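Below is one structure, written out as structure tokens; the observations come after it.
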Amino acid sequence: MTITKQTKSGLTVRANYTLSNALDDYLSNQNNAGFYSNSFHPGVEYGPSSYDRKHVFNAYYTYELPLGPGHAIHTGNSSTGSWVAGTPPAS
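The numbers in the numbering used here rise by one with no breaks, and the one at position 2 of the sequence shown is 189.
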């Protein structure tokens with residue numbers, strides 16, 4: 188689920204949430220080259236993975252600087268195009 192809020196001043200805030208579930212046979216690596224503790228019943232240890240991230244929440248923002256054509260600060264120079272300041276998405 189993603190929520191986006193954009194204001195007239197150039198500020199955009201986004202937040203997203205992911206619910207997931209990773210299951211495996213509790214092997215130490217992801218390419219199934221590990222060993223089962225019980226070879227007669229290999230599915231006995233089936234359950235959540237060691238790398239399972241059930242709940243993931245990310246939030247970030249961007250702010251469009253008022254530079255360039257159509258903005259508050261216009262110098263007549265095209266090199267001030269669309270500059271954006273903000274935080275990169277974090278996981």
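Positions of the beta carbon are idealized from the N, C-alpha and C atoms, including for glycine. The structure presented is a predicted model; accordingly, all values stated were derived computationally and were not measured.
Going by DSSP, V200 is part of the beta strand (DSSP E) stretching over L198 to L206. Taking 9 angstroms as the cut-off, the Cβ atoms of A202 and Y247 count as close. Where T249 is concerned, the enclosing beta strand (DSSP E) starts and stops at H242 to E251. Taking C-beta atoms under 8 angstroms as the contact rule, D212 and G230 qualify, at a distance of about 7 angstroms. Straight-line measurement puts the Cα of G234 at about 56 angstroms from the Cα of P256. Cβ neighbours of G197 within its own chain (closer than 6 angstroms, five residues either side excluded): Y250 and E251.
C-alpha of N245 to C-alpha of E232: approximately 31 angstroms in a straight line.
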